[in-house]
Amino acid sequence: MSTKTNPPAAVLAVAEKTGGWRERVQQLFALAGLVLIFIVFSIARPQIFPSWSNVTAILFSATVVGLLALGVTLVIITSGIDLSVGTGMTLTAVMAATFIVNWHIPIWLGVIMTLLFGALIGLINGVNVAVFGLPPFIATLAMMLVAQGLALVISNAAPIYFDPENFSAYLWLSTGKLVPGLPNAVLVFALAAVVAFILLNKTLLGRYDISIGSNEEATALSGINTKKWTMIIYAVAGLFTGLAGVMISARLGSAQPSTGAGYELQAIAAVVIGGTSLSGGKGTIVGTVIGALIIAVINNGLQIMSVRQEWQNVILGLVILVVVFIDQFRARQAATT
Amino acid sequence: MTTTETAAATGAHNAELLLQVEGVEKSFPGVKALEDMRLDLRRGEVLGLVGENGAGKSTLMKLLTGIYTREAGDFWLDGQPLQVTSPKEAQEAGLAIIHQELNLVPHLTVAENIWLGREPVTGGFFTQPGAQVQKTRELLSQLGMHIDAKAPVSSLPVAKQQMVEIAKALSFSSTKVLIMDEPTAALNEAEVDQLHELIRRFITPQTGVVYISHRMAELKRIADRITVIRDGHYIDTMPMAETSLDQVISKMVGRSINTEARPEGVRDDRPIVLSVSDLSTKALLQDVAFDLHRGEVLGFAGLMGAGRTEVARAIVGADPVTSADVILNGNRVTISNPAQAAHHGIGYLSEDRKRMGLMLSLPVSHNIAVSSLSERFTRFGFLRNKAIIEAAEAARKLLSIKTPDVNQLVKYLSGGNQQKAIIARWLVKDCDILIFDEPTRGIDVGAKEEIYQLLNKLASQGKSIIMISSELPEILRMSHRVVVMADGRITGILSAAEATQETIMRLATHRDDAVTTKTEKAGI
Chain H
1 MSTKTNPPAA VLAVAEKTGG WRERVQQLFA LAGLVLIFIV FSIARPQIFP SWSNVTAILF
61 SATVVGLLAL GVTLVIITSG IDLSVGTGMT LTAVMAATFI VNWHIPIWLG VIMTLLFGAL
121 IGLINGVNVA VFGLPPFIAT LAMMLVAQGL ALVISNAAPI YFDPENFSAY LWLSTGKLVP
181 GLPNAVLVFA LAAVVAFILL NKTLLGRYDI SIGSNEEATA LSGINTKKWT MIIYAVAGLF
241 TGLAGVMISA RLGSAQPSTG AGYELQAIAA VVIGGTSLSG GKGTIVGTVI GALIIAVINN
301 GLQIMSVRQE WQNVILGLVI LVVVFIDQFR ARQAATT
Chain A
1 MTTTETAAAT GAHNAELLLQ VEGVEKSFPG VKALEDMRLD LRRGEVLGLV GENGAGKSTL
61 MKLLTGIYTR EAGDFWLDGQ PLQVTSPKEA QEAGLAIIHQ ELNLVPHLTV AENIWLGREP
121 VTGGFFTQPG AQVQKTRELL SQLGMHIDAK APVSSLPVAK QQMVEIAKAL SFSSTKVLIM
181 DEPTAALNEA EVDQLHELIR RFITPQTGVV YISHRMAELK RIADRITVIR DGHYIDTMPM
241 AETSLDQVIS KMVGRSINTE ARPEGVRDDR PIVLSVSDLS TKALLQDVAF DLHRGEVLGF
301 AGLMGAGRTE VARAIVGADP VTSADVILNG NRVTISNPAQ AAHHGIGYLS EDRKRMGLML
361 SLPVSHNIAV SSLSERFTRF GFLRNKAIIE AAEAARKLLS IKTPDVNQLV KYLSGGNQQK
421 AIIARWLVKD CDILIFDEPT RGIDVGAKEE IYQLLNKLAS QGKSIIMISS ELPEILRMSH
481 RVVVMADGRI TGILSAAEAT QETIMRLATH RDDAVTTKTE KAGI
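Chains as they are written, first to last, in our numbering: chain H, 1 to 337; chain A, 1 to 524.
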């Protein structure tokens, strides 16, 4: 070890150096994009858009997609995909309501059981991928349908309400304000992002995650039990799904069994905008958080500008195209020089 | 315009040459890849082109086929200035290149691959599979290749795929110059002979071949002259017949190398660390049995497809077995995946480093530390990045891995240094048994020598090494004993004294069961 290297800097360099400088540039681009979009909306609607209450609303709306995207990031880094997080979130929300409202299980225990239920969904995905060798797309597509159906079956296709009189503590999880002016959901998302960051950058799980995504066969031949770790990674993604299920039902005050589909695509979009490669082996949590914020800012800004919902999707789709195009353009430039 | 002007200015153009490269330069950011590069290919000759990895061979090929653009210098093909911007144009001009990595579409048939983009069609749209197959059969029989025109390329062994690639290049009637980059990297001795026969058939007074290879013995057989390049510079061109291999090698590396070394002493009087018997797989292996002694280099020789890689993969649990009896340091063990093998101190280094060895998009440090992360580089479940860097640095110094920094991505290292990084991986893991599958494939001569010395050092430190190799000189030079395989069975185990090219080839090609049993008993 050369003496001139400052250890914390070296550690950081390794931690975030999974894909070299290109990744950091991508993050800077994403961050610059976020700031730019924010400024544009602020100029267009200076009275409403940059206000604290609206910023809070943006952060609040970023939490659900953001939580899902954190788990999806880990899965995509293995060069997999998870399509089941949207309806999986719905199913876990229904399960939370079933546990707490219908079965009268204490709230804290019900929340833990919901998180574990989410992890179970992810674990089943992981087993199907790692042990039975199903392509991740197929395994999680099947789970997406199963979760969607089960959510309707278990709830009898009707919303289950958390009566505010009895379950105010549950609703507080999302809408309460432990920090004045900031909904708890935002805190939970921030905390979850920190946990995901530590998992990816500071632990074996993250290192194996990246290694499997870079070259699964070589990682296995290096003596790593890649099947086990793939299962764990999908289960962790499921855990984040369960957390999203809790946060969305606490926010709405109910478990809505017929929503949820489509969230998985928003989550994947957030991951991609954040610079994580769908071919695996590289990706960052910071990027994903920025990606989730970009989506929230665009949706919120367009709403404030009174753009119709349909057009919001069109614009989001174009944003994804532009982001990926820029990334590939720079990748080609890097490859030819 | 520029080309003719320069030619007039230097007066260097020689119309008698088939292919001429003159004063070519190319640089990449921070590196001068080629400087004043020259190459003269005469009509009707095979020109050997040698140089260490990074000498500039592939850059030159990419310039010739228009993938890169040269910054200075000229190309002439058959007396005409060559100005192409794509491999397709190069092919049309009469310059065919067969790359080291095969460029075939695996799921298409041999015929479909050969005529890809030039399919015989009616009405400009409908393909004529019958005519295409017929044309292919004519071509293949003309070339003396026994390949089924309708077989999917993916069903063929690598050697045959290589043949298909060559057939494709020769199917262009315009082909005058054939450039082959390491054409025999995946071929066994018999297949090499077949390839050389093809080359001799192709050579006429109007054609020529540039033959790039690391294998000196082959160049001696096939090349008329040999051109040496080093560090992007032209060094020399010599008539092959009057040049010794050691001369060529010393020009390549700027130092002389001993090609006649043999392993020292015997090691089979030492304790047995690994005893394998009754090893069979569904597909190929049949009752494979051998012992590995401490500090021994046990060579595994055999033709392509004999089952040597399969033995290695079965031992480390990468592939399922139907039966296996493995005794490790006196204890019977069951190994059902590479993680367990690593746990028992057995490391496998694949022949296909890029696909099965390296995490290319990750730093050198990760590639070194990956196998030991859980037991050496974590505390309370958290990675100790500093310890990882330190261990990688130590390994870099120990094995003299050439990289500016262990945070460098491993894909930017040369083949030899990538191999060293994988060796470092298993040394950091403290494995006692190392299984090397083609340890020097695609590695240049200088780095090869370093790998050999490293293997010798490891063995003398008490590591036990299984070395699978298709290069007989390598087997003879390194192995204390040689296991020879054919058709999934061990056909003989030879001591270093018994092992010669001839004895090994006899066992690898002929299977005489009576002799086999005797030799096996004598060997074990």
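For glycine and all other residues, C-beta sits at the position ideal for the given N, C-alpha and C. Since this is a predicted model, take the numbers as computed values, not measurements.
Exercise. If you draw a straight line from the C-alpha of A:Leu-198 to the C-alpha of A:Glu-218, how long is it?
Worked result: Their Cα atoms are separated by approximately 14 Å.
Exercise. Hey, out of H:Gly-242, H:Ser-254, H:Gly-213, whose CA is closest to H:Lys-227's CA?
Worked result: H:Gly-213
Exercise. List, in order along the chain, the chain A residues whose C-beta lies closer than 9 Å to that of H:Asn-125?
Worked result: Ordered by position in chain A, no residue passes the 9 Å Cβ test against H:Asn-125, which lies about 21 Å from the chain.
For this session: Determine the closest residue to A:Leu-143 out of A:Gln-194, A:Gly-123, A:Asn-188, with distance taken between C-alpha atoms.
Result: Checked all of A:Gln-194, A:Gly-123, A:Asn-188; the closest Cα to A:Leu-143 is A:Gln-194.
For this session: Have a look at H:Ser-249, H:Val-322, H:Val-195, H:Thr-140 and flag the residue whose alpha-carbon is nearest the alpha-carbon of H:Ser-168.
Result: H:Ser-249
For this session: Pair every Cβ in the stretch 224–240 of chain H with every Cβ in the stretch 350–357 of chain A, then say whether three or more of these pairs are closer than 8 Å.
Result: no
For this session: Return the bridge partner residues of A:Tyr-348 from the DSSP annotation.
Result: A:Ile-435
Problem set entry | Contact set between the stretch 353–377 of chain A and chain H, restricted to residues whose Cβ is under 8 Å from the partner | Arg-355, Met-356, Gly-357, Leu-358, Met-359, Leu-360, Ser-361, Leu-362, Pro-363, Ser-365, His-366, Val-370, Ser-371, Leu-373, Ser-374
Exercise. Within the 8 Å Cβ cut-off, does H:Ser-211 reach chain A?
Worked result: yes
Problem set entry | Three-state secondary structure assigned by DSSP to A:Leu-195 | helix
For this session: Answer yes or no: does any C-beta atom of chain A fall closer than 8 Å to that of H:Gly-223?
Result: yes
Problem set entry | Check whether A:Ala-459 and A:Val-428 have beta carbons under 8 Å apart | No Cβ-Cβ contact shorter than 8 Å links A:Ala-459 with A:Val-428.
For this session: Identify, in the order they occur along the chain, each residue of the same chain with its Cβ nearer than 7 Å to the Cβ of A:Arg-137, setting aside the five sequence neighbours on each side.
Result: Ala-149
Problem set entry | Distance, A:Ala-111 Cα to A:Val-133 Cα | 6 Å
Exercise. Which residues in chain H sit within 8 Å of A:Gly-442, going by Cβ to Cβ distance?
Worked result: Correct list: empty, because the minimum Cβ distance to chain H is about 16 Å.
Problem set entry | Sheet register partners of A:Glu-25 (DSSP bridge) | A:Ala-72
Exercise. Any beta-carbon of chain H closer than 8 Å to the one on A:Pro-338?
Worked result: Yes, because at least one Cβ of chain H sits closer than 8 Å to the Cβ of A:Pro-338.
Problem set entry | Interfacial residues, the stretch 341–353 of chain A to chain H, with Cβ spacing under 8 Å | The residues in question are Ala-341, Ala-342, His-343, Gly-347, Tyr-348, Ser-350.
For this session: Output the boundary residues of the beta strand (DSSP E) element that contains A:Val-46.
Result: 46–50
For this session: Drop a sphere of 10 angstroms on the beta-carbon of A:Ser-361, count the other beta-carbons inside from all chains shown, and report buried for 16 or more, exposed for fewer.
Result: buried
For this session: Would you identify the three-state DSSP class for A:Ile-257, choosing helix, strand or coil?
Result: Interpretation of A:Ile-257 is limited by its pLDDT of 48, a score under 50 that renders its predicted location unreliable; no figure is taken from the coordinates.
Problem set entry | Within chain A, partners of H:Arg-251 - CB distance below 9 Å | Correct list: empty, because the minimum Cβ distance to chain A is about 32 Å.
Exercise. From the beta carbon of A:Gly-44, is the nearest beta carbon of chain H less than 8 Å away?
Worked result: With its beta carbon at least 8 Å from every one in chain H, A:Gly-44 lies outside the interface.
For this session: Could you tell me whether the Cβ atoms of A:Ile-504 and A:Val-484 are closer together than 8 Å?
Result: Between A:Ile-504 and A:Val-484, the C-beta gap is smaller than 8 Å, which places the two residues in contact.
Problem set entry | Within-8 Å CB hit, H:Ser-79 to chain A | no
Exercise. Taking a cut of 9 Å between CB atoms, which residues from the stretch 212–223 of chain A lie near chain H?
Worked result: none
For this session: Under 8 Å between beta-carbons, which chain H residues line up against A:Gly-381? List them in chain order, please.
Result: Thr-203, Leu-204
Problem set entry | Contact residues within the stretch 416–429 of chain A, judged by C-beta distance below 8 Å to chain H | Arg-425, Lys-429
Problem set entry | Neighbour flag for H:Glu-310 against chain A, beta carbons, 8 Å | It does not; no Cβ of chain A falls within 8 Å.
Exercise. Distance, Cα to Cα, A:Pro-239 vs A:Val-209?
Worked result: Cα to Cα, A:Pro-239 sits roughly 15 Å from A:Val-209.
Exercise. Is H:Ile-210 closer than 8 Å to H:Ile-77 when the C-beta atoms are compared?
Worked result: For H:Ile-77 and H:Ile-210, yes; Cβs fall inside 8 Å.
Problem set entry | Under 9 Å (Cβ pairs) to chain A, residues found in the stretch 160–177 of chain H | Considering only beta carbons, no part of the stretch 160–177 of chain H lies closer than 9 Å to chain A.
Exercise. When you compare only the Cα positions, how much space is there between H:Leu-116 and H:Thr-90?
Worked result: 15 Å
Problem set entry | Whole-number beta carbon distance between A:Thr-243 and A:Ile-222, since they are thought to touch under 8 Å | Actually they do not touch by this definition, with Cβ atoms about 14 Å apart.
Exercise. Between H:Thr-219 and H:Leu-182, what straight-line distance do the alpha-carbon atoms span, to the nearest angstrom?
Worked result: 43 Å
For this session: Determine the burial state of H:Val-131: buried for a count of at least 16 other Cβ atoms within 10 Å of its Cβ, exposed for fewer.
Result: With fewer than 16 Cβ atoms within 10 Å of its Cβ, H:Val-131 is classed as exposed.
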